[in-house]
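>
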Amino acid sequence: MKHVNFSQPLYDTAQEIVDGCMGDAAPACQSACPMHTDVKQYVKLAAEGEYQQAVDVIRQKIFMPQVLGRICAHPCEAACRRNEEFSQPISVAAIKRFVAEKADKKENWNLAQAPATGKKVAVVGAGPAGAQAAVELRRQGHAVTIFEKLKVFGGMMRVGIPEYRLPRDVIDFEYGYLDMMGVEVKFGVEVGKDITFDELRSDHDAVILAHGAHVGSIIPIKGHEAEGVYSAVEYLKEISETRAFPRAGKRILVIGGGDVAMDCARSSWRIGADEVHQCSLEEMEALPASQVEIDEAMEERVAFNAGWGPKEILVEDGKVVGVVLQKVLSIFDGDGNFSPAYSDETREVAVDTVIFATGQVVADITDGALEQGRGGRYVVNKDTLATSLPDVFVAGDASGGAIVVEAMALGRKAALSIERLFTERALEADRNLEEEGAYKTRLDVPLPEGTVDTPRIHHNTRPAEERKRDFIQVDLGLTEEQVTSEGDRCLQCECKLCMNECVMMNDFGDCPKSLFSDFIEKKEMEPLLAYSCNACDQCTIVCPKDFPMKSIFMGARADFVKANNGHSPIPGHKAIEMHQKLGFSRIFTMAKKAVGR
Amino acid sequence: MTNKIFMPGCSLPSYNPEAVSKTAAYLKSVYPDMGAVQKCCGKPTAAIGQTEKFKERFADLQKDFDKVEAEEVIVACQSCFGMITKNASGQKPVSLWALLPQIGLPPELVGKAKNSDVTFTIHDSCSTRFETELQEGIRWVLKELGYKVVEPKHTRENARCCGFGGMVVPANPDLADRVIKRRVEEFETDYVVVYCAACRASMMGIGTKSWHILDLLWGPVVMQGDEPPANVLASPVKSWMNRYRSKVGLNRCMAC
Ligand SMILES: Cc1cc2nc3c(=O)[nH]c(=O)nc-3n(C[C@H](O)[C@H](O)[C@H](O)COP(=O)(O)OP(=O)(O)OC[C@H]3O[C@@H](n4cnc5c(N)ncnc54)[C@H](O)[C@@H]3O)c2cc1C
Ligand code: SF4
Ligand code: SF4
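In order, the protein sequence lines correspond to chains B and A.
Here our numbering is used: position 553 in the first sequence is 647, and no number is missing along the way.
Here our numbering is used: position 48 in the second sequence is 52, and no number is missing along the way.
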């Protein structure tokens, strides 16, 4: 056969399919995960009891499955199709925790690294952003030193997130990976104090700032300077380190409606409070905290004043004696600007301690070398995390992240930028920026046939009255049976509906997108592919986008015939030609008008 | 009255010339002025990609249509239905299966199978998946005859292919085999009724008992344990002999 020149309309149709086919589109869970863990795959493996394989899948993307299995804010679950449809997402995080507890072994950790490059990178902060950045940089073969102010690993996971949610030995076990990867860590070194930012820069080829947001903020309402007023950062750090906060009294009010506020409230019980109150501008239904945190705080009998803002802290002898709360009418004005409006209604709560859980601010450790924006976040290029200094990048909360897994993705992003810096490429070169963070998937398919709403199982908590007085972990984790049934609920979201219908395409590829991008790229097609299409249209009928696969295969056949002197390239089709000749021959045909006409 | 002709197609005449004759005779009793054409519609030529050759061949058929001054072509083959719809100049295809409910069955056949203990699974042709009137006609005929039927999971517009389409059998026989196997897997009864002789050949090829709807119309009532007619299309010699007999039958029918 001569070279086949496929006609342009075929390429056009193929291109349309390649552009729109959802065959390779990630499930909502995976695209919502900033690290893009293959949730669908490991949930399936977990349900099948293949725990080791499940861990292997998780570890391809994240080095702390047990940590994330406990405290990840799990954007995957929020995006999960079962959440969208029934508000009962798959318990992705709990499944991850289970398989990691069951099967994760140090000896299986992947220690692969590129040959040493001779480049040196300094990372400030051993929180999730710094740790992930360090790991990535070591994989690329660079020498990495982490400078960490504290004497321990984990950042806010260690001194923010309470240990009843995240036992500290879990952090240390999983951070053990850093040492195995050859990351050097200098504990107890505060950049800006023990070593200057400039020194750091002159000693290294590049610097990543990942020092988080550790400055507590206290809203300057009347009475805020009284004894008994503390920031969440200070409060939780001390409790994390000592399981106590001697400056607190017995009746505590936490201001704020987010997860940090819940952690402060619940920690208060554990250090011996008699009464724990909360107040926030947001109503109960609009609290920013995750539902699990709210539920568990309610179980522990935190007294909620959601929808009530602090008007004034009442002070006697320089000490807090109460807080006046004011009923909130609205939080934002007509233009969507933050501008709370209150009614005249007030209520007074008698407390001796007030904790402000109203946001954390990023400190400047560069001595003004870098510009900072709202909340102290350094001004960076969102795509590359580059700053105005060519060798300095910022990751994690310090650059605008808000949760652990996002901090990790930002750490990885900074490392990918440094890789380009070191190889003298444009920072944006050769990277899929969309896949470096969370995005909304293109996947848009009908629910699988027979899908019914089934309730989720996401934790096994200890009784509230027992747990609220100790620091032992609240959630005991799922059982094997629960993991199986929870994993079985996963819809294994994907398109490939055509592949379910068509037998033959499965012999040649995994979805039309890959089949036809191959065709476009190589300008070639296997004749047998085109000639294996039954032209039955089943693929198109089920395709949410009605893509006409058949028309490409049939069109290609015409081009094959053209290139092959008018004949099909398939040897077996000689018989058809014979058959057709006969089917038109006089011997076997007739044409008669009716008699009498 | 529009000028009608009957066109049985290729695979049906090759499979069952008696059914062709009987159908022609019955149609003629309803439409005494009806003519007939036996010739291929050229679908296989088009399907293997011989675009130019197909044009020639369809022109050949068109000549016949014009010669007999056909306006409506009563077709018993779903490929003919599609090819005429797309390519004929001036002729409108009418599916035999859609026509039968309009003209009725010969009265002596109505209810003939009401005592049959067989439940037939209906296999629709994928090439006419959107022709609901045609599909309704098939169900109507079976009901008139008195047969009990069930629908497979993929039916009517979602029908799955028998593996024969697109001339895949000579190109990729192993694949065609897997396609038909998957099709019959979802059938709940061992008795299948089709309305395309090629579909029937695919099913018979893997040992699935199947009948063409014209077998049921003109042939004996099928009871549990009955064997279907032989898979004639598996033998080229017999097929061509049948095709010839069919032509002779049509000529005879048109002459009286
Ligand atoms: C109370 C609380 C609860 C939270 N709960 C959750 C949760 O359940 N799930 C979730 O996903 N996210 C949660 N978060 C958010 C999450 O902890 C952060 O988004 C994440 O830890 C940010 O990671 P990072 O690496 O950017 O910074 P951090 O984790 O803050 O780490 C920064 C590190 O830098 C060190 N450092 C700071 N300054 C210097 C300096 N000058 N020199 C050297 N080292 C320095 C710090 O000691 C720290 O170890 C919570 C946050 C808080 C405050
Ligand atoms: S059905 Fe097939 S062709 Fe259509 S979007 Fe899905 S994978 Fe792509
Ligand atoms: S059902 Fe499974 S695959 Fe689908 S979004 Fe949820 S976890 Fe992901």
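Idealized CB from N, CA, C, for every residue including glycine.
Bear in mind the structure is a predicted one, so any value in this text is a computation, not a measurement.
So, are the CB atoms of cysteine 130(A) and cysteine 84(A) less than 8 Å apart?
Cysteine 84(A) is positioned such that its CB atom lies no closer than 8 Å to that of cysteine 130(A).
> Quick check on DSSP: helix, strand or coil for cysteine 170(B)?
Cysteine 170(B): helix per DSSP, three-state reduction.
> How big is the Cα-Cα spacing for valine 486(B) and phenylalanine 516(B)?
12 Å
> Based on DSSP bridge pairs, tell me the residues matched to glycine 416(B).
Leu408(B)
> Report back the beta-carbon spacing between isoleucine 107(A) and valine 34(A) to the nearest angstrom; my notes put them in contact at under 8 Å.
With a beta-carbon spacing of about 5 Å, isoleucine 107(A) and valine 34(A) fall inside the 8 Å limit used to define contacts.
> According to DSSP, is lysine 32(A) part of a helix, a strand, or is it coil?
helix
> For a test of your reading of the model: does the CB of cysteine 170(B) fall under 7 Å from any non-hydrogen atom of ligand 2? Yes or no.
no
> Can you tell me the Cα-Cα spacing of leucine 464(B) and valine 473(B), whole angstroms?
7 Å
> Taking the Cβ atom as the reference point for each residue, do histidine 158(A) and glutamate 192(A) lie within a distance shorter than 8 Å?
For histidine 158(A) and glutamate 192(A), no; Cβs fall outside 8 Å.
> In terms of DSSP beta bridges, what is proline 484(B) paired with?
In DSSP, proline 484(B) forms no bridge with anything.
> Comparing the C-beta of leucine 16(A) with each C-beta of chain B, is any distance below 8 Å?
Taking Cβ atoms only, chain B never reaches closer than 8 Å to leucine 16(A), which makes this a no.
> Could you tell me which chain B residues have their CB closer than 8 Å to the CB of asparagine 255(A), listed as they occur along the chain?
Met684 and Lys686
> Given a cut-off of 8 Å, decide if glycine 169(A) and valine 79(A) are closer than it, judged by their beta-carbon atoms.
No; because the gap between Cβ atoms is not below 8 Å, this pair is not in contact.
> State the start and end residues of the unbroken beta strand (DSSP E) segment that holds threonine 239(B).
237 to 242
> Relative to the alpha-carbon of leucine 205(B), which residue among Asp198(B), Thr211(B), Gly221(B) and Val229(B) has its alpha-carbon at the smallest distance?
Here the closest residue by C-alpha is Val229(B).
> So valine 196(A) and threonine 125(A) are supposed to be a Cβ contact under 8 Å. How far apart are they, rounded?
So it is a contact: roughly 5 Å between Cβ atoms.
> Does chain B have any CB closer than 8 Å to the CB of isoleucine 126(A)?
no
> Going along chain B, which residues have a C-beta under 7 Å from threonine 49(A)?
Gln674
> Collect the residues with a C-beta less than 6 Å away from any heavy atom of ligand 3 and give them in sequence order along the chain.
Pro121(B), Ala122(B), Cys123(B), Val133(B), Lys134(B), Val137(B), Cys174(B), Arg175(B), Arg176(B), Ile184(B), Val186(B), Cys584(B), Leu585(B), Gln586(B) and Cys587(B)
> Valine 218(B) lies in the beta strand (DSSP E); which residues open and close that run?
214 to 218
> Touch check for the region 229 to 241 of chain B and the region 311 to 320 of chain B: three-plus C-beta pairs under 8 Å?
no
> Please report the Cβ distance between leucine 179(A) and valine 597(B), rounded to the nearest whole angstrom; I am assuming they are in contact, meaning their Cβ atoms lie under 8 Å.
6 Å
> Assuming threonine 55(A) is part of the alpha helix (DSSP H), what are its boundary residues?
55 to 71
> Applying a beta-carbon distance threshold of less than 8 Å, which residues of chain B neighbour asparagine 91(A)?
Near asparagine 91(A) there are no residues of chain B at all, since even the closest Cβ is about 15 Å away, more than 8 Å.
> For the beta strand (DSSP E) containing valine 77(A), name the first residue and the last one.
Run containing valine 77(A): 76 to 79, per the beta strand (DSSP E) assignment.
> Run through chain B and tell me which residues come within less than 8 Å of methionine 38(A), C-beta to C-beta.
Ala688
> Tell me, please, whether the CB atom of serine 645(B) is closer than 8 Å to any CB atom in chain A?
no
> Have a look at Ile664(B), Gly143(B) and Thr481(B) and flag the residue whose alpha-carbon is nearest the alpha-carbon of alanine 51(A).
Ile664(B)
> Using DSSP with H/G/I as helix, E/B as strand and the rest coil, what is arginine 691(B)?
Here the model assigns arginine 691(B) a pLDDT of 45, short of 50, so the residue's position is not dependable, and the following value carries that caveat. In the structure shown, arginine 691(B) sits in coil (DSSP, three-state: anything other than H, G, I, E or B).
> In the DSSP assignment, what residue or residues form a beta bridge with tyrosine 533(B)?
Partner(s): none; tyrosine 533(B) has no beta bridge.
> Helix, strand or coil, according to DSSP, for tryptophan 203(B) in the structure here?
coil
> Tell me which same chain residues have a C-beta within less than 7 Å of the C-beta of glutamine 82(A), skipping the five on either side of it?
Ser129, Ser131, Thr132 and Cys200
> Between the alpha carbons of valine 154(A) and alanine 202(A), how many angstroms are there, rounded?
21 Å
> Measure the alpha-carbon distance for methionine 227(A) versus valine 122(A) and round it to whole angstroms.
Their backbone Cα atoms lie some 6 Å apart in a straight line.
> Going along the chain, which residues of its own chain have a beta-carbon closer than 6 Å to the beta-carbon of glutamate 257(B), five neighbours each way excluded?
Phe565
> In angstroms, rounded to a whole number, what distance separates the CA positions of threonine 440(B) and alanine 397(B)?
16 Å
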